[in-house]
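Student: The structure under discussion is supplied below as structure tokens; questions concerning it will follow.
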DNA sequence: TATGAATGAGTGTTCATTCAT
DNA sequence: GATGAATGAACACTCATTCAT
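Chains as they are written, first to last, in the numbering used here: chain W, 40 to 242; chain X, 40 to 242; chain S, 40 to 242; chain R, 40 to 242.
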């Protein structure tokens, strides 16, 4: 039974920062903007965060760890690389559609991190992308996929899916599960997956 | 016979801003950073620009106008929508690979513009994307393409190609002309172009 | 029993600005000058003010409102226009002698205000001057005063009295109450007030 | 026969500065404002002036010297202190009405001068005011004037006349010669001049 | 004579952050 | 917890002035 619980101050700060960093960028967002959005004084903010950069790093790490865990779970025990990729794409698209703020921050604000923090975040992102690389490489090896430059193709598909966070609206024409399927189809065909090619989309 | 001509101060400012806006973002770049990069005092900068925002807007407009002109020229007189899309993708990829700074600024810094300027820039971008939309829609109508959600697919492919600016290096394994072809192949297969599907990539 | 109370920071800012605007003018005073005089950093200043112009406007409005209130009180219920003018002159002179900074700012810095703010300040000043105009016009009507151009004369007398703020010193030869009387005499005689003419000053 | 002679650049600079210093104040006027008003580049300005402050000082000195010369000529050989004062007031008012820019700069911008230059300008002003002081003192001695504090009265009358520069318009109701007479009348009555008192103004 | 280019110092204002209460 | 007060450093931008051409 859902109770109308007011989120904690800490949570309000997190959400405020996420929203603003996503909308205006890290450098375009002032600590006072965050405070106002979280309905706190800027001094009070510092009860719930370290520096502004640590706040950003925390948000990014958290989002990436959640995505990585979800993706690992989604492909665990699945042998077929085609199915693995399908699930990875669907999860990626769904996540970018449902949490556009988190994903936009992750995708766009890495450069705002100090080198030290950046390395940690990039390592997480690399771990995540490795799941994609493994699925693609396995598919190429098994003959399910046919692509000249698997690494390039992986980057292309990741970017393609990232884009969802920039325009998806829950009020749009295509429902989210159909959207995820659509993207999976795009990806598989792009990868030269023969079965997908046969039954190319048709109204 | 190429003469070693030192670029003008005005040009140095333009290039400095482009490089820094692309690397650190508009809000992450100080006017003093630009000045230093252009080997000028920050006061001298203002001989060659209006405000910092006008500098950004000028760069974006210029890049978009050039891209739009090149794309219009590339598809002019070409009836086959498949060929049109192939050329658009190739041009887009090539441009993003060769002028990554310009394209990253165009793709990422729109939100830094004031509403008024933003409108003008977005209009240019829309004009450009319309060329993609026309090629895709024509292809769908002619039966050359098969995709359930052409508008979504267009966005997906554009984002896919934008990504090139983030990672391409001229010292990479894939030469640029091959890269452009590769992306064209990805796009056409994703669009369900039957011929492309038949001869799926294979070494 | 007077306690040695240190004025608040807000009050220190107000006084510092008043002193400096009066001495060096609004445009001749830097925000850092104000900060130094108020023993604060220039950043701290902004806890107690909006913009520099709003600081000026606030000071002017406050001074004018106080003067207007005092003048209204001074003439309230006084029927005789001669007595009214005498009181207005005495109050004006006394105020300019005691608060030379406030009055100099009010008299000299109107042009530094933005049109919008200027209008509000000028309206206050006009309200105040109307008290003078009424006294003079009533006196002319009653035959107590005789002057060809009452409006011009009003301006002349106001300027005459404003001057006090520029040179009066409490260590000067003429005590303030005598000074006020002296100016009242000058004004009444200038206005052709017959009684004042009869007993023209003589030691 | 008047020829339509375009004023020299030097003269244009002088006039531009005068106009702007009078309107916006010395510190409120930028050297680029002057340049624009004079239709020159700001660099070219420096062919016709030293520093900005020297430009101001020159304008003030010139205006004061001309006023001093005119005043000296006006009272030369006139024995009657009443007549001397009458002429001084008339000249002062006329000058402030006809050259409001010059006189406003002289009256308001002394504080913008460096101490050294200020001393020279103040000396000129003192020389000028001495003519007033002599007329008043002579009048008091001769019994033509009756005022308790001649020095104070002199300041009061000077300020009164300075005000003309702030509001006089050639399109106003009172023609300039009448205005000068009016002010002379105000001054003489304020000074307790018995004859003026007798024939107090009456329509 | 005229000016575009150039700049060190300064403008008003905002920044992220700290700390005493 | 929460915040008003405080600040050094930085922000984008303008200043008066110089100089090579």
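Note that CB positions come from ideal geometry on N, CA and C, so glycine has one too.
For a contact meaning CB atoms closer than 7 Å, what does residue 192 of chain R contact in chain S?
Tutor: The residue given as residue 192 of chain R occupies position 153 in the fourth chain. Ordered by position in chain S, the residues that pass the 7 Å Cβ test against residue 192 of chain R are 225.
Student: Near residue 71 of chain X, which residues of its chain fall below 6 Å by C-beta distance, leaving aside the five closest residues on each side in sequence?
Tutor: As a position in the second chain, residue 71 of chain X is number 32, starting the count at 1. Apart from the 5 residues on each side of it in sequence, residue 71 of chain X sits with its Cβ closer than 6 Å to the Cβ of 81 in its chain, given in chain order.
Student: Within the same chain, show all residues whose beta-carbon is closer than 7 Å to that of residue 133 of chain R, passing over the 5 residues directly before and after it, in chain order.
Tutor: Walking along the fourth chain from the start, residue 133 of chain R turns up at place 94. Once the five neighbours on either side are set aside, the close Cβ partners of residue 133 of chain R are 215, 219.
Student: Which of helix, strand or coil does DSSP assign to residue 230 of chain R?
Tutor: Taking the fourth chain and counting its residues from 1, the one referred to as residue 230 of chain R is at position 191. In the structure shown, residue 230 of chain R sits in coil (DSSP, three-state: anything other than H, G, I, E or B).
Student: When you compare the CB of residue 96 of chain S with every CB in chain R, is at least one pair closer than 8 Å?
Tutor: For the purposes of this step, residue 96 of chain S is taken as residue 57 along the third chain, with counting starting at 1. Taking Cβ atoms only, chain R never reaches closer than 8 Å to residue 96 of chain S, which makes this a no.
Student: Enumerate in chain order the residues of its own chain whose CB-to-CB distance from residue 120 of chain R is below 7 Å, with the five nearest sequence positions on each side excluded.
Tutor: As a position in the fourth chain, residue 120 of chain R is number 81, starting the count at 1. Cβ neighbours of residue 120 of chain R beyond the five flanking positions: 174, 177, 178, 181, 183.
Student: Near residue 109 of chain R, which residues of its chain fall below 7 Å by C-beta distance, leaving aside the five closest residues on each side in sequence?
Tutor: Here residue 109 of chain R refers to the residue found at position 70 when the fourth chain is read from its first residue. Cβ within range, chain order: 130.
Student: Pull up the distance between the alpha-carbon of residue 74 of chain W and that of residue 55 of chain X, whole angstroms please.
Tutor: Taking the first residue of the first chain as 1, we reach residue 74 of chain W at position 35. Taking the first residue of the second chain as 1, we reach residue 55 of chain X at position 16. Spanning the alpha carbons of residue 74 of chain W and residue 55 of chain X requires a straight line of approximately 34 Å.
Student: Would you mind telling me which residues of chain X sit closer than 7 Å to residue 198 of chain W, beta carbon to beta carbon, in chain order?
Tutor: Residue mapping note: residue 198 of chain W aligns to position 159 of the first chain, counting from 1. Residues of chain X passing the Cβ test: 198, 199, 201, 202.
Student: Determine the extent of the alpha helix (DSSP H) in which residue 190 of chain W is found, giving its start and end residues.
Tutor: Within the first chain, residue 190 of chain W is the residue found at index 151, counting from 1. In the DSSP assignment, residue 190 of chain W falls within the unbroken alpha helix (DSSP H) covering 189-201.
Student: Residues in the same chain with beta-carbon distance under 6 Å from residue 136 of chain X, minus the five sequence neighbours each way, listed in chain order, please.
Tutor: Along the second chain, one-based indexing puts residue 136 of chain X at 97. So the qualifying residues of the chain are 203, 207, 215.
Student: Rank S/154, S/195, S/157, S/92 by C-alpha distance to the C-alpha of residue 172 of chain S and give the top, closest one.
Tutor: Position 133 of the third chain, counted from the first residue, corresponds to residue 172 of chain S. Nearest in C-alpha terms to residue 172 of chain S, of all of S/154, S/195, S/157, S/92, is S/195.
Student: Output needed in chain order: residues of the stretch 59-74 of chain R with a Cβ under 9 Å from some Cβ in chain S.
Tutor: 62, 63, 64, 65, 66, 67, 68
Student: Rounding to the nearest angstrom, what Cα-Cα distance links residue 86 of chain S and residue 47 of chain S in this structure?
Tutor: Translated into positions along the third chain, residue 86 of chain S becomes position 47. Translated into positions along the third chain, residue 47 of chain S becomes position 8. Residue 86 of chain S and residue 47 of chain S: Cα-Cα distance of roughly 12 Å.
Student: Runs of 4 residues minimum, wholly inside the stretch 156-182 of chain R: which ones carry the alpha helix (DSSP H) assignment?
Tutor: none
Student: Starting from residue 206 of chain R, find everything on chain S with Cβ-Cβ shorter than 7 Å and list it in chain order.
Tutor: The residue given as residue 206 of chain R occupies position 167 in the fourth chain. The contacting residues are 194.
Student: Give a yes or no on whether the C-beta atoms belonging to residue 84 of chain W and residue 160 of chain W are separated by under 8 Å.
Tutor: Taking the first chain and counting its residues from 1, the one referred to as residue 84 of chain W is at position 45. Taking the first chain and counting its residues from 1, the one referred to as residue 160 of chain W is at position 121. A distance of 8 Å or more separates the beta carbons of residue 84 of chain W and residue 160 of chain W.
Student: Please state the DSSP three-state secondary structure of residue 47 of chain X.
Tutor: Here the question's residue 47 of chain X lines up with position 8 in the second chain. Three-state result, residue 47 of chain X: coil.
Student: Residues of the stretch 136-149 of chain S with a CB closer than 8 Å to any CB of chain R: list them in chain order, please.
Tutor: 147
Student: Which of the three DSSP states is assigned to residue 208 of chain X in this structure?
Tutor: Numbered from 1 along the second chain, position 169 holds the residue referred to as residue 208 of chain X. Coil, per DSSP.
Student: Which residues bound the alpha helix (DSSP H) around residue 99 of chain X?
Tutor: For the purposes of this step, residue 99 of chain X is identified with residue 60 of the second chain, where counting begins at 1. Element bounds for residue 99 of chain X: 91-114.
Student: In chain W, which residues lie with their C-beta within 7 Å of the C-beta of residue 77 of chain X?
Tutor: By one-based count along the second chain, residue 77 of chain X stands at place 38. Those within 7 Å of residue 77 of chain X in chain W number zero; the least Cβ separation is about 20 Å.
Student: State the Cα-Cα distance for the pair residue 209 of chain S and residue 143 of chain R, rounded to the nearest angstrom.
Tutor: Residue mapping note: residue 209 of chain S aligns to position 170 of the third chain, counting from 1. Residue mapping note: residue 143 of chain R aligns to position 104 of the fourth chain, counting from 1. Distance between the alpha carbons of residue 209 of chain S and residue 143 of chain R is about 28 Å.
Student: Is it right to say residue 235 of chain S is buried, meaning 16 or more other beta carbons lie within 10 angstroms of its own, or is it exposed?
Tutor: Counting from one through the third chain, the residue named residue 235 of chain S turns up at place 196. Classification for residue 235 of chain S: buried.
Student: Taking the CB atoms as reference points, tell me whether residue 76 of chain X and residue 58 of chain X lie closer together than 8 Å.
Tutor: By one-based count along the second chain, residue 76 of chain X stands at place 37. By one-based count along the second chain, residue 58 of chain X stands at place 19. A contact, by the Cβ cut-off of 8 Å.
Student: Cβ closer than 8 Å: which chain X residues qualify as neighbours of residue 151 of chain W?
Tutor: Residue numbering aside, residue 151 of chain W sits at position 112 when the first chain is read from its first letter. The answer, in chain order, is 64, 67.
Student: Using beta carbons (cut-off 8 Å, strictly below), is residue 213 of chain S in contact with chain R?
Tutor: Counting from 1 along the third chain, the entry for residue 213 of chain S is found at position 174. Chain R, which has a Cβ nearer than 8 Å to the Cβ of residue 213 of chain S, makes this yes.
Student: Considering just the uninterrupted stretch of the alpha helix (DSSP H) at residue 126 of chain R, what are its terminal residues?
Tutor: Sequence index remark: in the fourth chain, residue 126 of chain R carries index 87 (1-based). 120-137 is the extent of the alpha helix (DSSP H) around residue 126 of chain R.
Student: What are the uninterrupted segments assigned as alpha helix (DSSP H) that are 4 or more residues long and contained completely in the stretch 56-82 of chain X, given in chain order?
Tutor: 70-76
Student: For residue 232 of chain X, collect the residues of the same chain with a Cβ closer than 7 Å to its Cβ; drop the 5 residues on either side in sequence, then sort them by chain order.
Tutor: Position 193 of the second chain, counted from the start, is the residue given in the question as residue 232 of chain X. So the qualifying residues of the chain are 121, 183, 184.
Student: Helix, strand or coil for residue 235 of chain W per DSSP?
Tutor: The residue given as residue 235 of chain W occupies position 196 in the first chain. Residue 235 of chain W: helix per DSSP, three-state reduction.
Student: Can you find a CB in chain W that lies within less than 8 Å of the CB of residue 218 of chain X?
Tutor: The residue labelled residue 218 of chain X in the question sits at position 179 within the second chain. So yes, residue 218 of chain X belongs to the interface.
Student: Compare the C-alpha of residue 99 of chain S against each of S/126, S/229, S/150, S/79 and name the closest.
Tutor: To locate residue 99 of chain S, count along the third chain from 1; it is residue 60. Taking only the C-alpha atoms, the option nearest residue 99 of chain S is S/150.
Student: Going by the CB atoms, is the gap between residue 96 of chain X and residue 163 of chain X shorter than 8 Å?
Tutor: Residue numbering aside, residue 163 of chain X sits at position 124 when the second chain is read from its first letter. Residue numbering aside, residue 96 of chain X sits at position 57 when the second chain is read from its first letter. No, the Cβ-Cβ distance between residue 163 of chain X and residue 96 of chain X is not below 8 Å.
Student: Straight-line CA distance for residue 78 of chain W to residue 49 of chain W?
Tutor: Counted from its first residue, the first chain places residue 78 of chain W at position 39. Counted from its first residue, the first chain places residue 49 of chain W at position 10. Using only the alpha carbons, I get a separation of about 11 Å.
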